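One structure is given here, and the rest of the page talks about it.
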Amino acid sequence: MRHLRLPRQPMLRHLVLALGGALVLFAVTSAVGPYDDYQIGQIGIDAVAIAGLTLLTGTNGQISLGQGAFIMVGAYGAGMLLVHTKLPIALALLLGVVISAAAGALIGLPASRLRGPYLAGMTLALAVGLPAIPVEFAGVFGGEQGLNVNPPVPPAGIDPQRWLTWIVLVAVLVMLVLLGNLVRSRFGRAFRAVRDDEVAAAISGIAVAHTRVTAFAVSAAAAGLAGGLLGLSTGGVVPDAFSVGLSISLLAGMVLGGTGRVLGAWWGAVILVYVPQWSASVSDGLGLRQGQSSNLALLFYGLVLIVVILVAPDGIQGRLVHLWSLVTRRSTPRPGGGAVDPDRAPASHSEDHETREALA
Amino acid sequence: MRQPRPDRAMPRWHRGPVVAVCAMAMVVGACSSSSGSSGSSTGAPANNAVGVTSSAIELGTTTPLTGPAAPGYDEIAPAADAYFKYVNAHGGVFDRKIDYTILDDQYNPASTATLTRQLVLQDGIFADVGPLGTPTVEQVSSFLNSEGVPTVYVESGCNCWNNPNLPDTFGWQPPYTDEGKILGQYITQHLSGDKVGYLYQDDEFGQDGVKGLDQEVSASNVVSQQTYTATPQALAAGLGSQISALKQAGAKVVVLYTIPAATALAMLAAATIGYAPQWVISSVGADPPTLTGLLSSFSKGAAGAALLNGAITAAYLPPLTDATDPWVVGFKKILAQYDPGAPWDGNSEYGVILGYTFVQALQAAGKNLTRSALVQAIEHHGASFDNPGLVPFTFSPTNHYGYQGGEVTQLEDGGQTINALTPRLVTTLNGPITETTWPLSTPPADFGS
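Sequence lines, in order, name chains V and L. Residues 6 to 365 (the working numbering) are what the first sequence spells out, left to right. Residues 5 to 453 (the working numbering) are what the second sequence spells out, left to right.
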């Protein structure tokens with residue numbers, strides 16, 4: 006264990022971690038059936054959307070209830086390219102990300118003047134309003150029926166669902182490496198400086214409004230990738246899929262996973278994908294009438310969210326980091342030192358905040 | 005401050021994430037192993053008999069059981085299941101018992117996408133029977149067809165289910181446009197000279213209905229067209245402004261392409277301002293028991309079924325209240341026994357008859373049940389299925405709609421009496437409207453017991 010050391014240089018470290026993650030995910034996706042592959046792909050998609058949100062909210066301090074809207078922009082951007090052109094998938098996804106980032110910058114401009122509840126209100130309006138556009142301009146966007154995106158054809162011998170999941174996971178890991186690097190870069194430091202104190206940041210020569218717009222664009226780029234992948238993996242893009250509920254659940258996933266922690270996005274995504282399914286199967290097992298058991302499933306889901314928040318107010322990743330630090334401390338007792346070091350108390354982890362936020 | 009030990013170039017907690025990734029992988033692995041055996045390997049034609057054994061047929065579907073679309077619609081799939089249970093109690097179909105998995109998608113296409121994959125990839129269903137909604141099923145139709153899963157009797161009147169690109173998909177209820185034509189022709193023939201106004205849901209449902217109306221009602225007679233969106237917020241605001249606009253335009257006939265909640269809001273808004281037009285309501289929003297409940301709950305008991313008197317609508321299924329119809333008597337009995345507590349209304353009638361139509365298809369597909377046998381059975385024998393409805397099925401290799409027609413009816417006695425105003429009519433999306441001579445079918449003597 007002592008020899009397991011990650012490179013200090015952020016790019017290298019993130020690449021090593023992503024590669025390790027990719028190997029684990031490759032092993033897992035190869036071992037399970039097609040439905041589990043699909044679910045793992047969904048986790049990856051949610052994770053990248055949450056990672057974008059956590060960068061905006063956790064690192065830059067801007068609350069957004071509109072992440073679902075940027076997912077929609079990316080889904081329609083990439084989806085329309087895939088339907089109407091013969092672009093390779095990677096290029097279509099990339100352009101979807103660019104379109105979504107541009108939309109993010111556009112929305113970021115007015116948003117950079119808003120704070121707190123006003124910003125939340127504006128992004129909420131975006132999440133509510135945007136899905137009406139494809140319905141209104143049905144000729145261009147296919148209306149409520151949306152777009153049918155044909156799935157990629159896998160090489161012979163590979164299950165199509167597994168192939169799709171691999172495409173999703175590769176794209177997600179690439180994006181997470183980029184996000185992780187950004188957080189550790191000059192931009193990331195500027196994001197945090199603006200979050201912590203705008204005046205101080207401005208005095209230090211950081212262009213506050215510019216930084217806030219950049220954070221919005223980066224966050225939207227991640228959401229755009231999630232959207233493009235969502236269209237690809239579900240085979241369709243319909244406006245109703247991007248309801249306000251999507252944005253809210255991503256926000257919940259972010260908080261549950263650990264706000265400001267890119268790795269926490271994975272935990273949040275696991276919860277968003279598996280807990281509703283688990284609660285449905287638990288309530289189904291009670292032998293109630295259909296309507297009752299499906300309402301009970303929502304109750305279970307809510308209870309799980311409440312319990313997680315109570316047990317882990319700084320998110321699952323925050324708790325894990327804390328537990329890990331306790332474990333490692335115990336294994337290397339120090340002369341005269343207790344198990345708890347005031348500097349490392351859970352409430353005051355701002356010291357390592359910067360580095361922990363990075364893609365682990 | 006502690007200093008890092010010299011042999012640790014990097015603070016310890018940097019290794020935390022590595023462990024977390026591994027732990028996460030294990031959780032995913034655990035989740036996946038607990039979720040049961042994986043179903044089909046995808047897309048291969050060899051999967052023609054997935055979900056069929058010598059003793060069972062696995063079916064599944066997605067439908068809203070919770071959420072804003074659930075009231076009313078949550079009765080449909082359980083009513084179909086009640087019919088399947090009735091069939092199982094009588095020996096099943098070719099000795100196979102039907103197992104029907106109903107999953108709650110809350111009318112959210114994102115959930116439909118996931119749950120449909122659960123049914124197909126994990127549970128290994130033979131067919132998706134009665135998935136509800138246009139945007140929801142659109143989201144999964146190409147997936148289902150690429151997997152070769154028959155999507156039988158989509159619960160939506162979209163014109164999109166008869167699509168050569170979706171060879172395994174079938175509709176069931178009449179397309180909204182067909183119904184609009186039939187209602188429009190009645191208005192032109194019997195309410196001519198009256199100014200007509202429309203109030204419709206501003207989506208595919210309403211727009212398709214208006215397409216049909218526009219084919220039959222002269223544009224010069226239409227004095228006002230009002231719309232609403234089917235969001236909880238819009239409905240909470242009521243339909244007062246739309247109804248006022250219709251009244252001011254002088255509409256004597258108001259056509260409603262509305263869901264039941266919006267029908268009730270429109271009627272209450274009109275009653276409030278003393279406006280009593282001739283209502284003409286799409287069958288989607290005209291179920292008397294549902295409307296009676298909504299009218300009384302929205303008005304806190306001040307109004308009720310009396311507002312329904314005289315309203316004109318269209319029907320393709322037998323009248324709920326017809327105690328002389330042996331189909332209605334039998335289906336009511338089946339529902340009471342196998343889904344006790346479920347109300348007898350338009351939704352449960354729809355579900356139980358849809359279930360009946362699916363069993364017809366299973367019987368026509370024969371003893372060696374495969375997916376392609378099922379699809380061919382509907383295409384080649386669907387038009388001659390035993391059919392409790394008022395009009396024939398139009399299934400054929402080139403037509404994947406079910407019902408295409410109905411009769412115009414009028415509600416009296418607060419919906420307790422449903423009178424036919426026209427003969428039974430059939431039509432197509434762009435063709436003429438004609439009377440049908442198709443004889444109503446009768447069930448076996450002991451049907452339902």
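Glycine residues also receive a C-beta, built at the ideal position from the N, C-alpha and C atoms. A quick note: this is a predicted structure, and the numbers were derived from the prediction, not measured.
- In the structure shown, G216 (chain L) adopts helical secondary structure according to DSSP, grouped into three states.
- Contact of S222 (chain L) with chain V by beta-carbon distance below 7 Å is absent, the smallest such distance being about 26 Å.
- Exclusion of the five residues before and after S400 (chain L) leaves E383, A387 as the residues of its chain whose Cβ lies within less than 7 Å of its Cβ.
- With respect to the C-alpha of L235 (chain V), the residue from V:G162, V:A317, V:V326, V:L98 having the closest C-alpha is V:L98.
- Only buried fits V288 (chain L), as 16 or more other CB atoms lie within 10 angstroms of its CB.
- Beta-bridge pairing by DSSP links G241 (chain V) to V:N153.
- Counted as a single uninterrupted DSSP element, the beta strand (DSSP E) harbouring V259 (chain L) occupies residues 257-261.
- In the DSSP annotation of this structure, T140 (chain L) is not part of any beta strand (DSSP E); the continuous alpha helix (DSSP H) holding it starts and ends at 138-150.
- The segment 37-45 of chain V and the segment 245-257 of chain V do not touch, with fewer than three beta-carbon pairs separated by less than 8 Å.
- Rounded to the nearest whole angstrom, the CA to CA distance from A318 (chain L) to L260 (chain L) is 12 Å.
- If you look at N351 (chain L), you'll find it in the alpha helix (DSSP H) that goes 350-369.
- Boundaries of the alpha helix (DSSP H) harbouring Q189 (chain L): 180-194, taken from the DSSP string.
- Inclusion of V313 (chain V) and L261 (chain V) in the CB contact set at 7 Å is warranted, their separation being smaller than that value.
- Within the same chain, and ignoring the five residues on either side of T296 (chain L) in sequence, the residues whose Cβ sits closer than 8 Å to its Cβ are G308, A309, L312, G418, G419.
- Inclusion of D206 (chain L) and T231 (chain L) in the CB contact set at 7 Å is warranted, their separation being smaller than that value.
- Look at G290 (chain V) here: in three-state DSSP terms it is coil, with no helix or strand label.
- In this structure, the straight-line span from the alpha carbon of I104 (chain V) to that of D164 (chain V) is close to 31 Å.
- Where G121 (chain V) is concerned, the enclosing alpha helix (DSSP H) starts and stops at 121-134.
- Between the segment 130-146 of chain V and the segment 187-198 of chain V there are fewer than three inter-stretch CB-CB distances shorter than 8 Å, so the stretches are not counted as touching.
- Between H327 (chain V) and L339 (chain L), the alpha-carbon positions lie close to 56 Å from each other.
- Taken atom to atom, the span from the alpha-carbon of A116 (chain V) to that of L124 (chain V) is near 6 Å.
- Between N434 (chain L) and V173 (chain V), the alpha-carbon positions lie close to 44 Å from each other.
- Taking the Cα of Q380 (chain L) as reference, the smallest distance to any Cα among L:D99, L:T57, L:T173 is reached at L:T173.
- Residue pairing for L429 (chain L): DSSP places it in a beta bridge opposite L:G410, L:E439.
- Close to N186 (chain V), with beta-carbon spacing below 7 Å, lies no residue of chain L; the smallest spacing is near 15 Å.
- The beta carbon of G57 (chain V) sits closer than 6 Å to the beta carbons of S224, A227, A228 from its chain, once the five residues preceding and following it are set aside; these are given in chain order.
- Contact annotation for F147 (chain L) against chain V: G240 [CB-CB distance below 7 Å, chain order].
- DSSP links L63 (chain L) through a beta bridge to L:Y104, L:A131.
- Collapsing the DSSP output to three states places E79 (chain L) in coil.
- Judged by pairs of C-beta atoms under 8 Å, the segment 140-153 of chain L does not touch the segment 237-256 of chain L, as fewer than three such pairs exist.
- Non-local C-beta neighbours of A84 (chain L) in its own chain, meaning closer than 6 Å and more than five positions away in sequence, comprise G134, G355, L358, G359, ordered along the chain.
- Taking a cut-off of 8 Å for Cβ pairs, the segment 123-133 of chain L and the segment 390-409 of chain L do not touch, as fewer than three such pairs fall below it.
- In the DSSP assignment, W168 (chain V) falls within the unbroken alpha helix (DSSP H) covering 165-189.
- Where A318 (chain L) is concerned, the enclosing beta strand (DSSP E) starts and stops at 316-319.
- Taking every protein chain shown into account, the CB of F389 (chain L) has 16 or more other CB atoms within 10 angstroms, so this residue is buried.
- Taking 7 Å as the Cβ-Cβ cut-off, the segment 120-146 of chain L approaches chain V at R121, Q122, L125, Q126, T138, P139, E142, Q143, S146, given in chain order.
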